[in-house]
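**Q** Numbering (the numbering used here), first residue to last: 143 to 499.
Idealized CB from N, CA, C, for every residue including glycine.
Just so you know, these numbers come straight off a predicted model, no measurement behind them.
Here it is: the structure, laid out below.
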Amino acid sequence: MLDANVAQSATSAPKFEPVSGKTRRVRRAVVLVTLLALAACSDKSDPSTVAVPSPSPSSRAPSTVTPTAPDTTAAPATTAAPPPDIWPVPDTTGPGVVVTSTGIVLPLVGAGVADTPCSNQAAAEGTPIKGANVVLDPGHGGNEPGAVGPSGLKEKDINLAIAEDVKGMLEAQGAVVVLTRTGDQNTTIKTRAEIATALHPQVFLSIHHNAEPDGPSTGPGNEAYYQIANPDSKRFAGLLWEEITSAFTPYGVAWVADTDHGAKYRPSDNGGDYYGILRRGAGTTTVLSEAAFISNPPEEKLLATEAFRHVEAVAIVAALDRFVTGADPGSGFVVPYPRTEPAGGGGGPEGCTDPAL
């Protein structure tokens, strides 16, 4: 806005020279035209001046990425983050968690009692958190590295880095976010799920990266597993699949995938959820993300860059925003082919050592 006390510049008086009647009449006409023009410019009711309204938050397009060039590891540019304060006040009716002086999150399981990362019990000492909007679960940790890429990149490190990036962006929007592990330590699936169910979040997202694909693919092979009996879980999985697919596609690398990649479920022998994090998260909208194949050299190379990891984090945030602010159904839903191979070990108390609390 302009300062109201703007000084006008001084001008010297014009030198008087006699003029003819004709010249005088011409000058009068010029002055009259000039005065009329100035009056028109100062008319604040001029109908040609129309204020353009800013778009409302509900008209925001989902976050997308713009490719810089095909077959490159350079990160595409992302859209601006949505405005803050889109998240509701967290539900604080659950028992909650405590965060210890070393940053370890412990779910409360009784009066003054909490479960440790290795599912032992300890005194509930620390800073209490009664509710959260989102709980992020960086898969694996400690002596469980998860999948390891051909050059040695460990899934546990990628999972945590992306979870921390997502947390920062969500908190900038006003969300309360809790991570199931904040460092490189073992944490059982039981404790991870207890943290989520104790906080009653809108979404509980377990972040992973894949291995052992079926073969080459024309596009990204990202997968999002949802809870069979939870329609909200299915909807969020579809939104997550859309956003990650949109974010990854411009890179144009030699992708790999399972033939049934997409938003899907995996049933156990009794028809329930096969994966423990989905099963133990019952009652909470839970999704398991397998965003890229760390075992595929071109995808491992992408995941090794901070820029690409940020693109994935932005896609996750976009999916979460759409989930809480709209009713989009998502897409990418597939019927999975039957699987008999186990999901891989880990996630239990065996061989788990609690960190310093």
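1) So, with DSSP's three-state summary, where would you put Gly-418?
2) Just tell me which of Gly-380, Ala-424 and Asp-233 has its CA closest to the CA of Ala-460.
3) Looking only at C-alpha atoms, which of Val-398, Thr-467 and Val-231 sits nearest to Ala-433?
4) Mapping DSSP to helix, strand and coil, what is Asn-372?
5) Please report the Cβ distance between Glu-297 and Gly-281, rounded to the nearest whole angstrom; I am assuming they are in contact, meaning their Cβ atoms lie under 8 Å.
6) In chain order, which beta strand (DSSP E) runs of at least 3 residues are fully inside the segment 268-342?
7) Tell me the DSSP bridge mates of Val-255?
8) Report the residue from Ala-353, Ala-253 and Pro-249 whose alpha carbon sits nearest the alpha carbon of Ser-261.
9) Buried or exposed: Ala-256, going by 16 or more other Cβ atoms within 10 Å of its Cβ?
10) Shorter than 7 Å, the distance from the beta carbon of Glu-483 to the closest heavy atom of the ligand ADP, or not?
11) Does His-403 come out as helix, strand or coil in the three-state DSSP assignment?
12) With which residues is Ala-366 paired in a DSSP beta bridge?
13) Closest to Ile-370 by C-alpha separation, out of Asn-352, Thr-428 and Thr-339, would be which residue?
14) Mind the definition here: the segment 309-323 touches the segment 269-286 only if three or more C-beta pairs lie below 8 Å; say whether that holds.
15) The alpha helix (DSSP H) that contains Phe-346, what's its start and end?
16) Which residues does DSSP list as the beta-bridge partners of Pro-358?
17) Whole angstroms are fine: how far does the CA of Gly-486 sit from the CA of Leu-295?
18) Between the segment 399-409 and the segment 357-373, can you find at least three pairs of beta-carbon atoms closer than 8 Å?
19) What does the alpha-carbon distance come out to for the pair Arg-421 and Pro-484?
20) Can you give me the start and stop residues for the alpha helix (DSSP H) that Val-241 sits inside?
21) Using DSSP with H/G/I as helix, E/B as strand and the rest coil, what is Thr-456?
22) Measure the alpha-carbon distance for Asp-496 versus Thr-360 and round it to whole angstroms.
**A** Answer, in terms of the structure:
1) Position 276 of the sequence shown, counted from the first residue, corresponds to residue 418. Helix, per DSSP.
2) Taking the sequence shown and counting its residues from 1, the one referred to as residue 460 is at position 318. Taking only the C-alpha atoms, the option nearest Ala-460 is Gly-380.
3) For the purposes of this step, residue 433 is identified with residue 291 of the sequence shown, where counting begins at 1. The option with the nearest alpha carbon to Ala-433 is Val-398.
4) Residue 372 sits at position 230 when you count from the first residue of the sequence shown. Asn-372 falls in the coil class under three-state DSSP.
5) Counted from its first residue, the sequence shown places residue 297 at position 155. Counted from its first residue, the sequence shown places residue 281 at position 139. Sure, about 7 Å apart at Cβ, within 8 Å.
6) 269-271, 276-280 and 319-321
7) Residue numbering aside, residue 255 sits at position 113 when the sequence shown is read from its first letter. Looking at the DSSP assignment, Val-255 forms a beta bridge with Gly-252 and Ala-265.
8) Residue 261 sits at position 119 when you count from the first residue of the sequence shown. Of the listed residues, the one whose Cα sits closest to Ser-261 is Pro-249.
9) Translated into the one-based positions of the sequence shown, residue 256 becomes position 114. Buried, since its Cβ has 16 or more Cβ neighbours within 10 Å.
10) For the structure depicted, the ligand ADP is absent and the ligand set is empty, with no information on it obtainable.
11) Locating residue 403 in the sequence shown gives position 261, counting from the first residue. Reduced to three states, the DSSP call for His-403 is coil.
12) For the purposes of this step, residue 366 is taken as residue 224 along the sequence shown, with counting starting at 1. DSSP output for Ala-366 lists Ala-405 and Ser-431 as bridge partner(s).
13) Your numbering for residue 370 matches position 228 in the sequence shown. Closest by alpha carbon: Thr-428.
14) yes
15) As a first step, residue 346 must be located in the sequence shown, where it is residue number 204. Run containing Phe-346: none in the alpha helix (DSSP H); it sits in the beta strand (DSSP E), 345-352.
16) Translated into the one-based positions of the sequence shown, residue 358 becomes position 216. Beta-bridge pairing links Pro-358 to Val-398.
17) For the purposes of this step, residue 295 is taken as the residue at position 153 of the sequence shown. For the purposes of this step, residue 486 is taken as the residue at position 344 of the sequence shown. Taking the straight line joining both Cα atoms gives about 18 Å.
18) yes
19) Position 279 of the sequence shown, counted from the start, is the residue given in the question as residue 421. Position 342 of the sequence shown, counted from the start, is the residue given in the question as residue 484. Taking the straight line from one Cα to the other gives about 15 Å.
20) Your numbering for residue 241 matches position 99 in the sequence shown. Unbroken run through Val-241 is the beta strand (DSSP E), 239-241; no alpha helix (DSSP H).
21) By one-based count along the sequence shown, residue 456 stands at place 314. The residue you asked about is not Thr; residue 456 is Val in the sequence shown. If DSSP states are grouped into helix, strand and coil, Val-456 belongs with the helices.
22) Working through the sequence shown from its first residue, we reach residue 496 at position 354. Working through the sequence shown from its first residue, we reach residue 360 at position 218. C-alpha separation (whole angstroms): 43 Å.
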